[in-house]
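Q: Chains as they are written, first to last, in my numbering: chain A, 217 to 646; chain B, 5 to 317.
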């Protein structure tokens, strides 16, 4: 079936494209881009006033399947992704059981084919059972489709172990993801160590607990030559370490979440809202500003959501007992448009860079460009649409969002995965 | 209508200077009642007060229980370990259940910060914080102010040194803002491993040497050291702690002659306070305990709609 996207503003910095044009999609691929195109038969989608970009990718999604299907599944998580404008998500391995063998990777790949609406790229664990003690079957997992490796949620605590894993992973040309957390310095902390920990009587999690791990893993990347990706950076110091490492030519990429860019610890008050409890914790206004600068200047490569769905009854516990994490797939794009694009800090081509191209490059996923012959993974955005973030608005099984109650500008209206609609007119296609 | 500005006492933020004076003045009249042979008033007859203690406590729970009984309220004690509520019923559900039983006021002690706020959200009852995690313990601060005022006749202008485990102490968490509200000057004194990350946001002066800070102090408030803690001790030994941060006769002799020594209890003799100091007239620890009942009576009475001052009439 042919599809004609009419009068959309096509934006793709990789091919220096930013103009209003038409696009024809056939058999899952872009076949033509130009002015006043027509198709003899098929579907025409009016895209006037909309922006058409290469499909967005989230490098950091918790799909919770297998193990916590009450919180999210491949089916519900990929629908939430489509709702947020993503054509692909990278599924973190800290499920139950941990995704640490080829057969578990294959399960996820098959599940995605059976029940998913967008692409799912599995991330395998670095160490078996994420125990930090023995290397997981990385080669086996690469062969079954894992695109990157991470002990997300824990981090590899022992430097020698991290070195061994990074040395080994190199053989398979894959990327090692650091969770960037030194547990001995976190020491039970639940919020940023500083004003809020002091004011609310909660244990603090110092910025150094992240920066020590960032510095260590950059040095190990230097030593081993393995590609390193740094997950969910939250501090100004981490940004500085990445900037210095890139200047030295270390093979390192980094991501930042929308909640670390647009929220800070001051949001946590005596209401003890557990939707504001995340790992790493919300930091200071200064950290946040420096992270935004680092994203804008390319020090931090990309946005990742760290979408972490949690059961409502578990989030409604005491702050110290509630699990860490906020959902993010369905708010990320709107947050970037609202806080960076709309005020003129981030141009549309740069939004495409940080949400589509840079994430693919970081995990070595095939590039998607707006040109004839490319796979038609596309996101169509209405930059003027208004989003009221309420529990009912979410497609995800969970609604533990730190942005509940916010009014945002701009959202995805359509998502095409290999030419097929996953989201159409703002509704998930099921 | 309650004469206080907030329906709950969850943190010291709920009280302004005027509220504090109202509570202390009301407690004076209840203290007088506590000295009578018949120590009971009909004031809160027919009102239900629940003491929800989810963390072990003897003195605070007893103090609240006596306070409720002396006001003729129906006081019920509920205890449980925090872990039981984690594995079984959530705190929210416990709160809703108790609210459905129509209680008028609930006192809560919990291992985790923010528990009083959670109860206030789920219940149609006045909430009094009996200590939440490492956060606050406002009635302790109020009884401390009462005791200080009783001995010195004033609060404004006093310098109060709070010594010890500041960063894990809910007592310090309430006492520092309480002292500031009444115009006294808090100085927190501890090794850096026991200081909070940002003492400046509390508005307290900071000292790491007790000996240097000592001459300025009108009150030395010695915090309890958690002896049960083993791994990750924030100081090398109890012996070394006592040497640098303990109150002993030598230190007492070099302080202002009228300086008083306080402690929230239970005391580790020989660690925070030497036995000789603890038993000296300069230590007013038992006056604090005595004040506790009167202050908690005042808090219950005022929250449940009493008129300031006239309680014991």
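Glycine included, C-beta positions come from ideal geometry on N, C-alpha and C.
Treat the numbers as computed from the prediction; the structure is a model and nothing was measured.
Taking 7 Å as the cut-off, does the CB of residue 321 of chain A come closer than this to any heavy atom belonging to the ligand PLP?
A: Although the ligand PLP was asked about, the structure shown includes no ligands whatsoever.
Q: Could you check how far apart the C-beta atoms of residue 394 of chain A and residue 371 of chain A are, in whole angstroms? I think they sit under 8 Å.
A: For this step, residue 394 of chain A is matched to residue 178 along the first chain. For this step, residue 371 of chain A is matched to residue 155 along the first chain. Confirmed, Cβ separation roughly 7 Å.
Q: Return the residues of the segment 396-408 of chain A that lie within a Cβ-Cβ distance of less than 7 Å from chain B, sorted by chain order.
A: Going along the segment 396-408 of chain A in chain order, one finds no residue with a Cβ nearer than 7 Å to chain B.
Q: What are the boundary residues of the alpha helix (DSSP H) that includes residue 355 of chain A?
A: Residue mapping note: residue 355 of chain A aligns to position 139 of the first chain, counting from 1. Looking at the DSSP string, the run of the alpha helix (DSSP H) that includes residue 355 of chain A is 354-360.
Q: So what's residue 302 of chain A in DSSP terms, helix, strand or just coil?
A: If you number the first chain from 1, residue 302 of chain A lands on position 86. Residue 302 of chain A falls in the strand class under three-state DSSP.
Q: Just tell me which of A/496, A/592, A/237 has its CA closest to the CA of residue 403 of chain A.
A: Residue mapping note: residue 403 of chain A aligns to position 187 of the first chain, counting from 1. Taking only the C-alpha atoms, the option nearest residue 403 of chain A is A/496.
Q: Where in the segment 102-176 of chain B do unbroken runs of the alpha helix (DSSP H), each at least 4 residues long, occur, reported from the N-terminal end onward?
A: Listed in chain order, they are 119-126, 142-156.
Q: So, does the segment 372-382 of chain A touch the segment 466-477 of chain A, judging by three or more C-beta pairs under 8 Å?
A: Output reads no: the segment 466-477 of chain A does not touch the segment 372-382 of chain A.
Q: Could you list the residues in the segment 127-156 of chain B with a C-beta less than 8 Å from some C-beta on chain A, going in chain order?
A: Going along the segment 127-156 of chain B in chain order, one finds 136, 137, 138, 139, 140 with a Cβ nearer than 8 Å to chain A.
Q: Which one of A/420, A/426, A/391 has the shortest CA to CA distance from residue 445 of chain A?
A: If you number the first chain from 1, residue 445 of chain A lands on position 229. Residue A/391 is the option with its Cα nearest to residue 445 of chain A.
Q: Can you check whether the C-beta of residue 535 of chain A is within less than 8 Å of a C-beta belonging to chain C?
A: Going by chain labels, chain C is absent from the structure shown, which instead holds the protein chains A and B.
Q: Does the Cβ of residue 193 of chain B have 16 or more other Cβ atoms within 10 Å, making it buried, or fewer, making it exposed?
A: Translated into positions along the second chain, residue 193 of chain B becomes position 189. Residue 193 of chain B is buried by the Cβ-count criterion.
Q: Spell out a yes or no on whether the segment 159-178 of chain B and the segment 35-46 of chain B are touching, meaning 3 or more CB-CB pairs, one atom from each, closer than 8 Å.
A: Output reads no: the segment 35-46 of chain B does not touch the segment 159-178 of chain B.
Q: With respect to the alpha helix (DSSP H) encompassing residue 64 of chain B, which residues constitute its N-terminal and C-terminal limits?
A: By 1-based counting over the second chain, the position of residue 64 of chain B is 60. 63-74 is the span of the alpha helix (DSSP H), which, as asked, contains residue 64 of chain B.
Q: Within the same chain, show all residues whose beta-carbon is closer than 6 Å to that of residue 188 of chain B, passing over the 5 residues directly before and after it, in chain order.
A: As a first step, residue 188 of chain B is located in the second chain; it is residue number 184 there, counting from the start. Hits under 6 Å: 159, 162, 164.
Q: What residues of chain A sit near residue 117 of chain B, judged by a beta carbon separation below 8 Å?
A: The residue you call residue 117 of chain B lines up with position 113 of the second chain. By Cβ distance, chain A contributes 416, 417, 418, 488, 534, 535, 536.
Q: Would you please verify whether the beta carbon of residue 250 of chain A is less than 8 Å from any beta carbon of chain B?
A: For the purposes of this step, residue 250 of chain A is identified with residue 34 of the first chain, where counting begins at 1. No, no contact with chain B.
Q: How about residue 411 of chain A: is its C-beta nearer than 8 Å to some C-beta of chain B?
A: Stepping through the first chain from its first residue, residue 411 of chain A is reached at position 195. So, interface residue.
Q: Who does residue 340 of chain A pair with in a DSSP beta bridge?
A: Indexing the first chain from 1 puts residue 340 of chain A at position 124. Residue 340 of chain A is bridged to A/365.
Q: Where does residue 275 of chain A sit, in a helix, a strand or coil, going by DSSP?
A: Against the first chain, residue 275 of chain A aligns to sequence position 59. Here residue 275 of chain A sits in strand by DSSP.
Q: Is there a Cβ of chain B sitting closer than 8 Å to that of residue 299 of chain A, yes or no?
A: Taking the first residue of the first chain as 1, we reach residue 299 of chain A at position 83. Not one chain B Cβ lies under 8 Å of residue 299 of chain A.
Q: Below 9 Å on C-beta distance, what does residue 337 of chain A contact in chain B?
A: The residue you call residue 337 of chain A lines up with position 121 of the first chain. Those do not exist, as residue 337 of chain A stays about 36 Å from chain B at its closest Cβ, beyond 9 Å.
Q: Establish whether the CB of residue 123 of chain B and some CB of chain A are separated by less than 8 Å.
A: As a first step, residue 123 of chain B must be located in the second chain, where it is residue number 119. Residue 123 of chain B does not count as touching chain A.
Q: In chain order, what residues of the same chain lie with their CB nearer than 7 Å to the CB of residue 262 of chain B, ignoring the 5 residues before and after it?
A: As a first step, residue 262 of chain B is located in the second chain; it is residue number 258 there, counting from the start. Excluding residues within five positions, none has a Cβ falling inside 7 Å.
Q: Chain A beta carbons: is any one of them nearer than 8 Å to that of residue 297 of chain B?
A: Counted from its first residue, the second chain places residue 297 of chain B at position 293. Chain A contact via Cβ: absent.
Q: Against chain B, does residue 529 of chain A count as a neighbour if the rule is that its beta carbon must be under 8 Å from one of theirs?
A: Along the first chain, read from residue 1 onward, the residue named residue 529 of chain A stands at position 313. Taking Cβ atoms only, chain B reaches closer than 8 Å to residue 529 of chain A, which makes this a yes.
Q: Using the Cα positions of residue 182 of chain B and residue 13 of chain B, report the straight-line distance between them to the nearest angstrom.
A: Walking along the second chain from the start, residue 182 of chain B turns up at place 178. Walking along the second chain from the start, residue 13 of chain B turns up at place 9. Computed Cα separation, rounded: 13 Å.
Q: Specify the secondary structure class of residue 317 of chain B as computed by DSSP and reduced to three states.
A: Position 313 of the second chain, counting from 1, holds the residue named residue 317 of chain B. Below a pLDDT of 50, predicted positions are generally treated as unreliable, and residue 317 of chain B, at 42, falls in that range; no measurement from the model is reported.
Q: Who pairs with residue 421 of chain A in a beta bridge, going by DSSP?
A: As a first step, residue 421 of chain A must be located in the first chain, where it is residue number 205. According to DSSP, which records beta bridges pairwise, residue 421 of chain A is partnered with A/408.
Q: Looking at the secondary structure, which residues open and close the beta strand (DSSP E) in which residue 240 of chain A lies?
A: The residue labelled residue 240 of chain A in the question sits at position 24 within the first chain. That run of the beta strand (DSSP E) goes 233-242.
Q: Beta-carbon of residue 201 of chain B versus every beta-carbon of chain A: anything under 8 Å?
A: If you number the second chain from 1, residue 201 of chain B lands on position 197. Yes, contact with chain A.
Q: State the beta-bridge partners of residue 224 of chain A as determined by DSSP.
A: Walking along the first chain from the start, residue 224 of chain A turns up at place 8. In DSSP, residue 224 of chain A forms a bridge with A/237.
Q: So which residues of chain A does residue 95 of chain B contact, with C-beta pairs closer than 8 Å?
A: The residue you call residue 95 of chain B lines up with position 91 of the second chain. Simply 533, 534.
Q: Using the C-alpha atoms, what's the distance from residue 510 of chain A back to residue 397 of chain A?
A: Within the first chain, residue 397 of chain A is the residue found at index 181, counting from 1. Within the first chain, residue 510 of chain A is the residue found at index 294, counting from 1. About 20 Å.
Q: Given that a residue counts as buried once 16 or more other Cβ atoms are within 10 Å of its Cβ, and exposed if not, what is residue 267 of chain B?
A: Position 263 of the second chain, counted from the start, is the residue given in the question as residue 267 of chain B. Residue 267 of chain B is buried by the Cβ-count criterion.
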